[in-house]
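Participant: Here's a structure for you.
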Amino acid sequence: MSDFYINVVQHGNQLLVREFDKGKRVNRRVTFEPTLYVHSRKNSKWKTLEGRSVEPVRFKSIRDAKDFLNMHQNTPELVHGLNSYQYVYIGDRYPDFINWDMEKLLLITLDIEVESENGFPDAQKAEEKLLCITVKNHSNKAIIVWGIGPYVNDKVRYIECENELDLIKKFIQFWHKTQPDVITGWNVQFFDIPYLCNRITRLLGEKELKKLSPWGIVKEDTVKQTQFGKAQQKYNLLGVSVLDYLDLYRKFTYVNRESYRLDYIAEVELGEKKDPNPYETFREWYTKDYKSFVDYNIQDVELVDKLEDRMKLIELCMTLAYEAKVNLIDVYSPIRVWDVLIYNFLKDKHIVIPSKRVSKKDEKYEGAYVKEPQTGLHNWVMSFDLNSLYPHLIMQYNISPETVAAEGNGDVSVDKMLKQVVDIPQDGYAVTPNGARFRTDAQGFLPNMMETMYNDRVKFKKWSLEAKQKFEDTQDKRYLNDISKYNNIQMARKIALNSAYGAIGNQYFRYYDRRIATAVTTSGQLAIRWIENKVNGYLNKLLDTTDVDYIIASDTDSIYVRFDELVSKLNPKNPVDFLDKVAKEKIEPYITKCYEELAEYVNAYEQKMEMAREVIADKGIWTAKKRYILNVHDS
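In terms of my numbering, the sequence shown is residues 7 to 641.
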């Protein structure tokens with residue numbers, strides 16, 4: 007029987023814990039006794055990142071630990087340890103792999119409909135009456151609707167209410183008794199939940215509002231929602247995780263859509279559309295045809311539920327959270343995820359983390375390299391991609407907070423390193439194009455983590471593919487769970503790896519160091535420009551040309567190479583097969599050789615650049631940076 011946490015929050019002097027204990031769901035208030043660490047002259051099993059001994063200082067309460075930290079606020083370097091104690095609790099209580107079960111969690115999809123007597127309703131003012139509330143249980147697919155007016159539908163449980171006040175009271179009664187773990191919906195974070203909270207407060211007062219939280223604690227907050235460019239109100243129902251499906255879709259699909267209306271996304275992803283409004287106005291609809299209006303409300307929760315069945319973004323979010331041992335809502339923050347990942351990784355090695363300090367970000371620094379493309383039409387294009395560039399750069403140069411040298415390498419730049427005019431001494435330090443130097447006598451914790459996570463990702467991806475093959479061979483449905491589980495784990499590792507630089511380059515990250523942040527970006531520029539130059543040289547020699555630029559475009563970790571001249575010269579019967587063979591037998595081995603030369607030049611800890619052919623296209627059109635279209639034959 008597997009136990010796992012549902013939600014752990016720090017509130018005042020206590021931790022509010024929701025978890026499964028011996029298979030039973032429990033809510034408990036924990037009086038937590040924190041431990042921090044201070045420098046010690048005695049040899050100790052606990053060390054700092056620099057290898058200095060520290061000894062534990064135990065406190066009777068969170069308040070005592072907070073007072074101790076306040077005493078040392080001017081000398082934070084003397085105190086070590088994580089003071090977000092909910093994550094300390096999770097890490098201590100669940101030290102091993104967490105075998106969580108989505109079926110045990112109560113995931114509710116929520117959607118409300120309100121009157122629109124005065125245009126689109128304002129969630130913060132909540133002046134319009136609630137017309138109906140619909141929820142759907144993701145596990146058993148049961149739908150409950152609270153409405154005002156007659157409605158019959160055998161597929162849902164409909165609760166007819168006398169008026170709006172009766173509707174709200176009955177909904178609160180259900181919610182308080184049921185205590186959901188996770189709420190989702192489409193824009194539920196910034197409309198449905200704040201509207202409900204504000205309307206409940208307006209009509210029944212804050213006492214009733216508090217029943218939406220299993221702890222009786224509801225906090226109002228204001229956040230800047232960048233896509234709309236304005237501050238928006240949100241509510242934190244302590245103990246309940248809100249995973250807005252709109253936010254998940256934006257974060258984890260890596261595509262730009264022309265619209266993010268649920269109707270549009272459902273059509274793109276599911277091939278389904280919501281029923282159109284049969285009347286001129288929304289008001290006419292709910293006043294003249296209440297039944298079809300409620301059907302419309304039900305469609306919203308059905309579509310979000312179907313999106314999850316198809317895309318499994320909530321399942322992916324949960325996988326990432328339980329891998330990192332954070333709360334579900336923390337997956338939106340790479341800083342939080344990586345802070346806790348590093349804490350647990352180092353704790354297992356008896357290394358304590360430094361106190362968190364907000365660093366000053368002096369000025370904006372250069373990011374990835376994007377070449378000005380050769381605009382227009384190009385024939386026979388192949389692209390070559392570097393594999394997980396930033397994580398592998400961290401591994402290659404051994405980039406880590408405890409490996410960076412105090413002294414830099416003087417006047418260094420990407421251009422100078424491309425020309426190999428920088429004198430790099432063989433003194434046990436790798437050098438990056440920003441002039442930073444990193445020890446190579448021992449692997450740093452950050453590249454160690456990257457390597458472990460990357461290798462695990464490869465392993466789980468392989469297991470997922472093997473399970474898929476076994477299912478196809480046997481049609482045994484037992485393998486379906488393995489396919490989903492292993493694929494989610496490998497995707498969670500991929501997301502964590504790809505988000506690492508988002509944390510490293512943020513001034514609010516515990517380990518932020520401008521030298522480290524720019525070491526990653528400038529070494530990335532060097533890697534892609536190095537290979538651009540080398541491949542150009544190779545093709546000029548092969549085709550007996552001089553200074554012809556065969557690289558149409560390059561962007562961060564990819565180059566797009568024109569092979570039209572080679573195809574025209576040799577006129578192969580099947581150009582796609584021919585180019586595939588050229589890539590495998592000639593270009594890729596040459597690229598590997600060139601990256602080995604780069605690794606040797608910069609004194610790399612190890613050569614980690616892996617570049618492989620991605621697509622073969624017979625035509626490609628570029629109009630500007632990052633604006634192109636390819637007619638792909640093989641990828």
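Heads up, the beta-carbon is just placed ideally off N, CA and C, and yes, glycines get one too. All values reported here derive from a predicted model rather than from experimental measurement.
1. On the DSSP bridge assignment, give the partners of Cys138 in chain order.
2. Using three-state DSSP, classify Asn33 as helix, strand or coil.
3. On the DSSP letters alone, give me the boundaries of the alpha helix (DSSP H) that Val464 sits inside.
4. Three or more beta-carbon pairs under 8 Å between the stretch 306–325 and the stretch 257–268, yes or no?
5. Compute the beta-carbon to beta-carbon distance between Ile335 and Val248, rounded to the nearest angstrom, for a pair I have assumed lies under 8 Å.
6. For Ile635, is the classification buried or exposed, using 16 other Cβ atoms within 10 angstroms of its Cβ as the cut-off for buried?
7. If you draw a straight line from the C-alpha of Ile510 to the C-alpha of Ala502, how long is it?
8. Under 8 Å between C-beta atoms, does Thr41 make it to chain C?
9. For Val418 and Val437, I'd like the C-alpha separation in whole angstroms.
10. Select from Trp536, Asn333, Val588, Ser361 the residue whose C-alpha is nearest the C-alpha of Trp386.
11. How long is the line joining the alpha carbons of Gln179 and Val332, rounded to whole angstroms?
12. Taking only the alpha-carbon atoms, compute the straight-line gap between Asp187 and Gly245 and give it to the nearest angstrom.
13. Taking all protein chains shown into account, do 16 or more other C-beta atoms lie within 10 angstroms of the C-beta of Glu83, making it buried, or fewer, making it exposed?
14. Helix, strand or coil for Leu244, going by three-state DSSP, please let me know.
15. Mapping the DSSP letters down to three states, classify Val224 as helix, strand or coil.
16. Can you list, in chain order, the stretches of the beta strand (DSSP E) that have 3 or more residues and sit fully within the stretch 500–565?
17. Looking at the unbroken alpha helix (DSSP H) that takes in Glu39, where does it start and where does it end?
18. If you reduce the DSSP assignment to three classes, tell me which class Val588 lands in.
19. Quick check on Val427: buried or exposed, where buried means 16 or more other Cβ atoms within 10 Å of its Cβ?
20. Using the Cα positions of Ser265 and Asp253, report the straight-line distance between them to the nearest angstrom.
21. Within the continuous beta strand (DSSP E) that includes Tyr100, where are the two ends?
22. Which whole runs of the alpha helix (DSSP H) in the stretch 376–424 are 4 residues long or more, in chain order?
23. Measuring from the CB of Glu571, is there a heavy atom of the ligand COA at a distance below 7 Å?
24. How long is the line joining the alpha carbons of Leu215 and Lys175, rounded to whole angstroms?
25. Straight-line CA distance for Tyr91 to Arg64?
26. Since Tyr460 and Pro397 should fall inside the 8 Å C-beta cutoff, what is the C-beta to C-beta distance between them, to a whole number of angstroms?
27. Going by other Cβ atoms of all chains shown within 10 Å of its Cβ, with 16 needed for buried, is Leu395 buried or exposed?
28. Look up His86 in the DSSP assignment and say whether it is helix, strand or coil.
29. Give me the residue from His144, Tyr164, Asp198, Ile223 with the minimum Cα distance to His182.
30. Assuming Thr6 contacts Tyr371 (C-beta within less than 8 Å), just tell me the rounded distance between them.
31. Cα separation between Gln531 and Ala374?
Facilitator: In brief:
1. Glu119, Gly153
2. Looking at Asn33 - three-state DSSP - the assignment turns out to be strand.
3. Val464 -> alpha helix (DSSP H) spans 451–480.
4. yes
5. 7 Å
6. Per the 10 Å Cβ criterion, exposed.
7. 12 Å
8. Looking at the structure shown, chain C is missing, and only one protein chain is on hand.
9. Straight-line measurement puts the Cα of Val437 at about 9 Å from the Cα of Val418.
10. Val588
11. 30 Å
12. 7 Å
13. Under this definition Glu83 is an exposed residue.
14. coil
15. strand
16. Listed in chain order, they are 557–561.
17. Premise fails: Glu39 is in no alpha helix (DSSP H) and is neither H nor E.
18. helix
19. Burial is judged here by how many other beta carbons sit within 10 angstroms of a residue's own beta carbon; Val427 has fewer than 16 and is exposed.
20. As the crow flies, the alpha-carbon of Ser265 is around 14 Å from that of Asp253.
21. Unbroken run through Tyr100: none, as it is neither H nor E.
22. 395–403, 420–424
23. Annotation note on the ligand COA: not contained in the displayed structure, which lists no ligands.
24. 10 Å
25. When rounded, the separation of the alpha-carbon atoms in Tyr91 and Arg64 is 13 Å.
26. 6 Å
27. buried
28. strand
29. Sorting His144, Tyr164, Asp198, Ile223 by C-alpha distance to the C-alpha of His182 places Ile223 at the top.
30. Residue 6 falls outside the range modelled here, since the chain spans only 7 to 641, and no answer is possible.
31. In this model, Gln531 and Ala374 are separated by some 6 Å (Cα to Cα).
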